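Counting in my numbering, the final residue of the sequence shown is number 820, and the numbers go up one at a time with none missing.
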Amino acid sequence: MSEYRAPLKDMRFVLEELIGLERIARLPQCEEASPDVVAAILEEGGKFAEEVLAPLNRVGDVHGAVWQEGEVKTAPGWKEAYTAFRQGGWTALACSPEFGGQGLPKVVATAVMELWKSSNLAFSLCPMLTQGAIEALMLCGSPEQKKMYLPKMVSGEWTGTMNLTEPQAGSDLSAVRTRAEPVGDGTYKLYGQKIFITYGEHDLAENIVHLVLARLPGAPEGVKGISLFVVPKFLVNADGSLGARNDVRCVSIEHKLGIHASPTCVLSFGDHGGAVGTLVGEPNRGLEYMFIMMNEARFAVGLEGLALSERAYQKALSYAKERIQGFDVGVKSGPRVPIIRHPDVRRMLMLMKSQTEAMRALAYTVGAAFDLAHHHPDESVRQRSRGFVELMTPVVKGWCTENSVTIASLGVQVHGGMGFIEETGAAQHYRDARITPIYEGTTAIQSNDLIGRKIARNGGVIARGLIEEMRLAAEKLRAQPGEEFGVLARRLGAGIDALEKGVAYILETYGSNPKAAHAVSVPLLELFGIVCGGWQLGLSALVAAKRLAEGAEDSAFYRAKIGTARFYADHVLARAPALGVTVSEGSAGVLALDEEMF
223 MSEYRAPLKD MRFVLEELIG LERIARLPQC EEASPDVVAA ILEEGGKFAE EVLAPLNRVG
283 DVHGAVWQEG EVKTAPGWKE AYTAFRQGGW TALACSPEFG GQGLPKVVAT AVMELWKSSN
343 LAFSLCPMLT QGAIEALMLC GSPEQKKMYL PKMVSGEWTG TMNLTEPQAG SDLSAVRTRA
403 EPVGDGTYKL YGQKIFITYG EHDLAENIVH LVLARLPGAP EGVKGISLFV VPKFLVNADG
463 SLGARNDVRC VSIEHKLGIH ASPTCVLSFG DHGGAVGTLV GEPNRGLEYM FIMMNEARFA
523 VGLEGLALSE RAYQKALSYA KERIQGFDVG VKSGPRVPII RHPDVRRMLM LMKSQTEAMR
583 ALAYTVGAAF DLAHHHPDES VRQRSRGFVE LMTPVVKGWC TENSVTIASL GVQVHGGMGF
643 IEETGAAQHY RDARITPIYE GTTAIQSNDL IGRKIARNGG VIARGLIEEM RLAAEKLRAQ
703 PGEEFGVLAR RLGAGIDALE KGVAYILETY GSNPKAAHAV SVPLLELFGI VCGGWQLGLS
763 ALVAAKRLAE GAEDSAFYRA KIGTARFYAD HVLARAPALG VTVSEGSAGV LALDEEMF
């Protein structure tokens, strides 16, 4: 069974040559992120991912997490790995130095997160949720809450969760029933049940800080009446030491298709007198605050799609080079060859490789825009970057995760019958990938966010600005000598045209016929992803051509970048015009049948 190898060369290409890491390092508060420092971080992160986390991936899948009498025991090796992870400072990478963090840029943290998620997705979910909770407390918590919780959460000594979903309230958070009753001393007693709580109970850290949505007495109905509370597993004394066990218990964990080692918990609050919590921010603004965590988590889940695609590709590529089967096409006898010599296997591998590289380039570009939005001295740049991040977050989440299911499935297909056998490991990536388009907001929720909040609400200004930027890239491709660049320019231009028409359709119909707009929102999200991925691979090809013209030593690496972009143009970008037709003309078919006709 092949092991994971950190794709550091590809990662550094995107960071240093496509995005321009030196540009990020010039931003205020990002000065330490020089290419040399980041290269060292990635090198060490790659070693930890390869040597510690990757070997536990299969172990976690087989053993899973075990619930017994309210407690959860993680898989063998998990606790030791988490301790090493925490002691290595990996939990503090992008956190504020004010609370013990290293304060590195988001784009650097993005690359490092890819390492954790590729090597061991189930493990990575614990620090991912903790980071979201840290972000919410940083922006909305009181000084007392920050002092009490953040240093321990940043250090990884304590972990965090987000508690939204209830048995009767899945994606519809207006149906939340968990209630919070004021005690009179500034604290509240919480009563209710939450489900699907990732790492809601475990043995990795000494305390778990739950952020919980609940209703205060007399709160308005619907989402406007939801508040956010901090409810720790163990109460915290004034001196920071741990006190009594709080009234929150894990009553079961789910038995899932994948990510077996990540405990997905049912938590019960207040069975024995009420779980003690404190209010975060102002009453009835809980959903607004929770969206801070959700947006952080949605981007991170998009990275899971990228990471699982990379892992599935590596496994399929290794197998294709080792598996001897049949003769070369057109040859009836002679030595049998590895299956990578067969054209259709190469097609599948190129679909995996090209889309993975497109996702990496797009996700890292969004990470860099996050840094520009927070640190650039020019307000207009900050505002433009913020708009780009907001527009692309549902695209990264939805497109990358949907791709990962298809790419992991291709990985099984490359293995043939052996891919269907659990021992080869290809099936685990497929099973693990299947949750990613569902949790932290399904693909439909991402596409609804895209067309409503990110396009219709601002009249498509940000989307149209991005389209114009991509057209400039197409012009640069058109001016570059070489057949590959002519094809890239032509395919990207056609994709941009289709996307522009799709955006125009949404703007025309969202107000007057919202059902028609929503009926084609997922195809529009896919179209966005495909075209933006082609944009990034086109820019990558231009960088590669420049490096080749300069006489770069590793010419094969840069030629492969151009060849990969060309493949993507012919096999992925070529789908964009058809998707454009689906967006602008496909709603009628979705809505044609009455319910009784199904």
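Cβ atoms here follow ideal geometry from the backbone N, Cα and C, with glycine treated the same way.
Keep in mind the model is a prediction, meaning the values are calculated, not measured.
Three-state secondary structure (DSSP) of residue i
i      : result
Ser806 : helix
Val458 : strand
Gly447 : helix
Val683 : helix
Leu822 : For residue 822 there is no data in the structure shown, the boundaries of the chain being 223 and 820.
Pro298 : coil
Thr486 : strand
Ile246 : helix
Ile546 : strand
Asn506 : coil
Cys252 : coil
Lys575 : helix
Met223 : Residue placement at Met223 is poorly supported in this model, since its pLDDT is 45, which falls under 50; the coordinates are not used for a value here.
Tyr191 : Since the first and last residues shown for the chain are 223 and 820, residue 191 lies out of range.
Gln324 : coil
Pro373 : helix
Cys362 : helix
Ala763 : helix
Glu775 : coil
Leu815 : coil
Residue i, buried or exposed, once every other Cβ within 10 Å from all chains shown has been counted against 16
i      : result
Ala402 : buried
Leu813 : exposed
Phe451 : buried
Ser490 : buried
Thr305 : exposed
Thr302 : The identity of residue 302 in the sequence shown is Glu, whereas the question assumes Thr. Classification of Glu302: exposed, given that the 10 Å Cβ count is below 16.
Met223 : Unreliable placement is indicated for Met223, whose pLDDT of 45 sits below 50; the coordinate value is still reported in the next sentence. Exposed, by the Cβ-count rule.
Ala771 : exposed
Lys698 : exposed
Glu504 : exposed
Asn735 : exposed
Glu748 : buried
Glu662 : buried
Ile263 : buried
Arg788 : buried
Lys907 : Nothing about residue 907 can be read from this structure; the chain reaches only from 223 to 820.
Ser576 : buried
Beta bridge counterpart(s) of residue i as assigned by DSSP
i      : result
His432 : Thr383, Val453
Arg437 : Arg401
Arg467 : Phe456
Tyr304 : Tyr304 is not bridged to any residue.
Glu293 : Gln290
Lys411 : Glu403, Val498
Phe491 : Gly414, Val470
Glu388 : Ala391
Ile475 : Cys487
Thr420 : Thr486
Pro659 : Paired residues: none, contrary to the question.
Pro560 : Ile546
Integer-rounded CB distance, given that residue j should sit under 8 angstroms from residue i
i      : j      : result
Val445 : Leu509 : 5 angstroms
Pro349 : Thr313 : 6 angstroms
Ala483 : Ala287 : 6 angstroms
Ile356 : Met335 : Not confirmed; about 14 angstroms, so no contact.
Thr409 : Ala436 : Rounded, the Cβ-Cβ distance is 13 angstroms, inconsistent with contact.
Ser364 : Ile667 : In fact, because the Cβ distance is near 30 angstroms, the residues do not count as touching under 8 angstroms.
Leu795 : Ile752 : 6 angstroms
Val453 : Leu426 : The pair is not a contact, with the Cβ atoms about 19 angstroms apart (cut-off 8 angstroms).
Tyr511 : Val502 : 6 angstroms
Leu764 : Ala580 : Actually they are not in contact, since the Cβ atoms of Leu764 and Ala580 sit about 15 angstroms apart, beyond 8 angstroms.
Ser743 : Ser669 : 4 angstroms
Ala247 : Glu239 : Incorrect: roughly 14 angstroms between the Cβ atoms, too far for contact.
Lys543 : Pro557 : That belief does not hold up - the Cβ atoms of Lys543 and Pro557 are roughly 15 angstroms apart, past 8 angstroms.
8 angstroms Cβ cutoff, residue i in contact with chain C
i      : result
Ile667 : Considering every chain present, this structure includes no chain C. It has just one protein chain.
Near the ligand GDP: residue i beta-carbon under 7 angstroms from a heavy atom
i      : result
Ala590 : As for the ligand GDP, it is missing from this structure, which has no ligand bound.
Quiz item: Should the segment 519-535 be regarded as contacting the segment 320-340, the criterion being three or more beta carbon pairs within less than 8 angstroms?
Solution: Touching, per the Cβ criterion.
Self-check item: Contact between the segment 273-281 and the segment 621-641 (3+ Cβ pairs under 8 angstroms)
Solution: No, the segment 273-281 is not in contact with the segment 621-641.
Self-check item: Sufficient close CB pairs (3 or more, under 8 angstroms) joining the segment 632-648 to the segment 596-609
Solution: Contact fails: fewer than three Cβ-Cβ distances are below 8 angstroms.
Quiz item: Between the segment 762-779 and the segment 224-241, are three or more C-beta pairs nearer than 8 angstroms?
Solution: Taking 8 angstroms as the limit for Cβ pairs, the verdict is that the segment 224-241 does touch the segment 762-779.
Quiz item: Taking three-plus beta-carbon pairs below 8 angstroms as touching, is the segment 546-555 in contact with the segment 413-432?
Solution: The way I'd put it, the segment 546-555 doesn't touch the segment 413-432; fewer than three beta-carbon pairs between them come closer than 8 angstroms.
Exercise. Evaluate the contact criterion for the segment 789-806 versus the segment 711-718: three or more CB pairs, one atom per stretch, below 8 angstroms.
Key: Flag = yes, the segment 789-806 and the segment 711-718 touch.
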